[in-house]
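Below you'll find the structure, written out as structure tokens, and then a few comments.
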Amino acid sequence: MSTPQTEKTRYSDAELQEFKDLILDKIRIAREELNALASSLSNPNTNGTDDTAGTYKTLEDGSATLEKEQINQLAARQKKFIEQLEAALVRIETKTYGICRETGKLIQKERLRAVPHTTLSMEAKLKQ
């Protein structure tokens, strides 16, 4: 005799630990990338252009400014990503991780592995 299968309302502690390990690894990698971005911002651009003609100096300054802006944007995105991953860790601790905030159903494991900080199932995401 089999008991009727009830729909899971949350992931098991073992499953949550698997997601926690995945998220901690992603946070470690993201922090390394953020540190690399921060160090590239703090180091002056020394590409050996000291001996080039002064007419190219203004072009060089413009591209250096654009590059710094792009690096700043990347760093900001990376910080936000880390914050979202840390929020996912909190949801793991409160055992609410993997539950869609729109439908209340479990988010598929495949989606959580691909986007571990998500709070929406594909069903809810597609309705947006």
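For the sequence shown, the numbering used here gives the first residue as 7, with consecutive numbering after it. Cβ coordinates follow ideal geometry from the N, Cα and C atoms, glycine included.
6 Å CB neighbourhood of residue i in its chain, flanking five on each side removed
{"i": "C106", "result": "I113, L126, S127, A130"}
{"i": "T28", "result": "Rather than Thr, the amino acid found at residue 28 in this sequence is Leu. Once the five neighbours on either side are set aside, the close Cβ partners of L28 are P122."}
{"i": "Q11", "result": "At Q11 the pLDDT is 49, less than 50, meaning the model places this residue with poor confidence; the figure from the coordinates comes in the next sentence. Closer than 6 Å at the Cβ level, and outside the excluded window around Q11, lies no residue."}
Proximity below 7 Å, CB of residue i to CB of residue j
{"i": "S81", "j": "L30", "result": "The amino acid at residue 81 is misidentified as Ser; the sequence shows Ala. The answer is no: Cβ separation not under 7 Å."}
{"i": "I33", "j": "I77", "result": "no"}
{"i": "G110", "j": "Y17", "result": "no"}
{"i": "Q90", "j": "L40", "result": "no"}
Where the alpha helix (DSSP H) through residue i begins and ends
{"i": "Q23", "result": "19 to 48"}
{"i": "R119", "result": "115 to 120"}
{"i": "E108", "result": "It is not in any alpha helix (DSSP H) - E108 carries neither H nor E in the DSSP assignment."}
{"i": "L126", "result": "Premise fails: L126 is in no alpha helix (DSSP H) and is neither H nor E."}
Sequence-distant residues of its chain with Cβ nearer than 7 Å to residue i (five each side left out)
{"i": "K74", "result": "L47"}
Does the pairing of the segment 87 to 98 with the segment 19 to 27 give three or more beta-carbon distances under 8 Å? yes
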